[in-house]
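If you're matching positions, the sequence shown starts at 14 in our numbering and goes up one per residue. Below is one structure, written out as C-alpha cells; the observations come after it.
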Amino acid sequence: MKKKARLILGGGAAYGLAHIGAMAALESEYEFTGIVGTSMGAIVGALYSIGYDPAQMLELARDFRTAELFNPLNLDFTRSGIFDGNMTLKRFLKWTDERKIEEGRIPFVAVAYDLMQKRSVLIDKGRFADAMRASSSLPYIYRPFPYSGYLFLDGGVEHPLPLAFANEVPGDITIAVNVLPHASIEAERIRLGQSKSCPRFSIAQVGVQSLLQNQAFIAIQEMLDYKPDIYIDAHHPQLSMTDLNKAGDFYLYGLRAAVKAMQDHVDSSFIEQLRQRYQKMLSRVMGPLERFKLG
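This is the structure in C-alpha cells:
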C-alpha cells in the first residue's frame, strides 16, 4: 500500500519543469493527497489536481506553442516593458476548462503575494487558471495580476519553497521539491582591474536571475525551519531559467533526482544531516542576525 504524501512544489521558471519528472518517479511509491505550489510549482500542481498525469503534463510542456507562450521574448510586450500575461491566462483557461479548485481530485493550494496587503496569500478556491496566473506573476516579466481587489505577484517573492503551508493539505509525510539554483553562502575574493569579457544580459534577465538567487537562499531557510520528510534537489545545473524548449531534459533530471532522494530517505538521518550542514554554513556567514536565527 502506497504511503500518503503531500507535495510542496517550489518556483523557479523553466527549472520547475523538473517537477513533472519528480512526480513521475514519486508516483511509484506514494499517493499524492494534496499539493501546495508556488509559481511553476503551482502550475504543475494545479494540472495534476485537475486530472493530468505526468506524461500528459510533459506533452503540454513539449508543445512548441507552449514553449513559445512562456518565452519572455515572445509574450505580450507592452509599452511599460513588462508582459501583461493575458495570453498566459488564456492558455491556462484552455488547459483547465475554467474548472474550480474545489472540483480537483486532490486538495490544492497556490501561494501568491499580494502587493496591496504586502503579504503572502493562499488560494484554495476559485478557478484553477486564476490561481495559476496569480502565483506565477514573476516580477520583471509579468505585470502584477489584478483580481478582486488583490494585486498578485509570484508567490516566490516570500515563499519560493512553501513548506510553511504544508499542513494546509492532508498527508502522512511531506515531500518538498526544490528546483532553484544552489545558494552561494560564501563569497569569492577577487581583484579588480583584470580584463575579462562578459556576456550581455537584458534588464529582465538580470532582474529575474537576481530574484531567483535570492529565492534560493529563502528556500534553504524554509527547508531548515520546516523539515520535510523527503527533500528533492531537482535544480538542473546545465540549463537556464528560460530553457522552456528543453522540457524532456528537465523531466529526466527531476525523475533521477527524485529516485536518488527516495534512496537517501532509507537513511532516516539524511534530512537532519543536510539541515545541520546548511545551519553551520549560515551561522558562520550570517552571525547572530535575528532574522536568520534557526530553530
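Where a beta carbon is used, it is the ideal one built from N, C-alpha and C, also for glycine. Note that the structure is a prediction, hence the values are computed from the model and not measured.
Who are the near neighbours of residue 60 in its chain, counting only those whose CB is closer than 7 Å to its CB and skipping five residues on each side?
On the sequence shown, residue 60 is found 47 positions in, with the first residue counted as 1. Within the same chain, residue 60 has close Cβ partners 70 and 108.
Is DSSP giving residue 112 helix, strand or coil here?
Residue 112 sits at position 99 when you count from the first residue of the sequence shown. Here residue 112 sits in coil by DSSP.
From what residue to what residue does the alpha helix (DSSP H) around residue 61 run?
Mapped onto the sequence shown, residue 61 falls at position 48. Residues 53-63.
Please work out which residues of its chain come closer than 8 Å, Cβ to Cβ, to residue 235, disregarding the five sequence neighbours upstream and downstream, and give them in chain order.
Along the sequence shown, one-based indexing puts residue 235 at 222. 172, 173, 174, 175, 176 and 177, listed in sequence order.
Ends of the alpha helix (DSSP H) at residue 33?
For this step, residue 33 is matched to residue 20 along the sequence shown. Segment 31-39, the alpha helix (DSSP H) holding residue 33.
Does the count of Cβ pairs from the region 177-195 and the region 147-156 closer than 8 Å reach three?
Result no; under three Cβ-Cβ pairs closer than 8 Å.
Put residue 67 into one of helix, strand or coil per three-state DSSP.
Counting from one through the sequence shown, the residue named residue 67 turns up at place 54. Three-state result, residue 67: helix.
Looking only at its chain, what residues have a beta carbon closer than 8 Å to the beta carbon of residue 42, apart from the 5 residues adjacent to it on each side?
For the purposes of this step, residue 42 is taken as residue 29 along the sequence shown, with counting starting at 1. Cβ within range, chain order: 15, 16 and 275.
Short check: CB of residue 157 to CB of residue 46, under 7 Å?
Taking the first residue of the sequence shown as 1, we reach residue 157 at position 144. Taking the first residue of the sequence shown as 1, we reach residue 46 at position 33. Not closer than 7 Å, so no.
Can you tell me the Cβ-Cβ gap for residue 144 and residue 114, rounded? I've got them flagged as a contact below 8 Å.
As a working note, residue 144 is residue 131 in the sequence shown. As a working note, residue 114 is residue 101 in the sequence shown. The pair is a contact, with the Cβ atoms about 6 Å apart (cut-off 8 Å).
Three or more C-beta pairs under 8 Å: does that hold for the region 99-108 against the region 23-42?
Segments in contact, no.
Go through its chain and collect everything with a Cβ distance to residue 253's Cβ below 8 Å, but skip five positions before and after it.
Here residue 253 is taken as the residue at index 240 of the sequence shown, counted from 1. So the list reads 27, once near-sequence residues are dropped.
For the beta strand (DSSP E) that contains residue 121, what are its first and last residues?
Sequence index remark: in the sequence shown, residue 121 carries index 108 (1-based). Where residue 121 is concerned, the enclosing beta strand (DSSP E) stretches over 121-127.
Could you tell me which uninterrupted beta strand (DSSP E) segments, each at least 3 residues in length, are contained entirely in the region 121-192, listed from first to last along the chain?
Entirely contained in the region 121-192, the beta strand (DSSP E) runs reaching 3 residues are, in chain order, 121-127, 132-136, 158-160, 163-167 and 186-191.
Looking at residue 22: is its Cβ nearer than 7 Å to the Cβ of residue 64?
The residue you call residue 22 lines up with position 9 of the sequence shown. The residue you call residue 64 lines up with position 51 of the sequence shown. Taking 7 Å as the Cβ cut-off, residue 22 and residue 64 do not qualify as a contacting pair.
With a cut-off of 8 Å on the beta carbons, I'd call residue 179 and residue 147 a contact; round off their distance for me.
Start at 1 with the first residue of the sequence shown, and residue 179 comes out as number 166. Start at 1 with the first residue of the sequence shown, and residue 147 comes out as number 134. Contact doesn't hold; Cβ gap of about 20 Å is too wide.
In the structure shown, what three-state DSSP assignment does residue 311 receive?
Absent from the model: residue 311. The displayed extent of the chain is 14 to 308, so no value can be given.
For residue 271, which residues from the same chain have a beta carbon less than 6 Å from its beta carbon, with the 5 sequence-adjacent residues on both sides left out?
Taking the first residue of the sequence shown as position 1, residue 271 is located at position 258. 35, 38, 39 and 245, listed in sequence order.
For the beta strand (DSSP E) that contains residue 244, what are its first and last residues?
The residue you call residue 244 lines up with position 231 of the sequence shown. Per DSSP, residue 244 belongs to the beta strand (DSSP E) from 243-246.
How long is the line joining the alpha carbons of residue 25 and residue 51, rounded to whole angstroms?
Along the sequence shown, read from residue 1 onward, the residue named residue 25 stands at position 12. Along the sequence shown, read from residue 1 onward, the residue named residue 51 stands at position 38. Spanning the two alpha carbons is a distance of roughly 9 Å.
If residue 164 and residue 127 are in contact, beta carbons under 8 Å, what's the gap, nearest whole angstrom?
Taking the first residue of the sequence shown as 1, we reach residue 164 at position 151. Taking the first residue of the sequence shown as 1, we reach residue 127 at position 114. Correct: roughly 6 Å between the Cβ atoms.
Mark residue 259 as exposed unless 16 or more other C-beta atoms lie within 10 angstroms of its C-beta, in which case mark it buried.
In the sequence shown, the residue the question calls residue 259 occupies position 246. Answer is buried; the Cβ neighbour count reaches 16.
From residue 232 to residue 240, what does the alpha carbon distance come to, in whole angstroms?
The sequence position of residue 232 within the sequence shown is 219, counting from 1. The sequence position of residue 240 within the sequence shown is 227, counting from 1. Taking the straight line from one Cα to the other gives about 12 Å.
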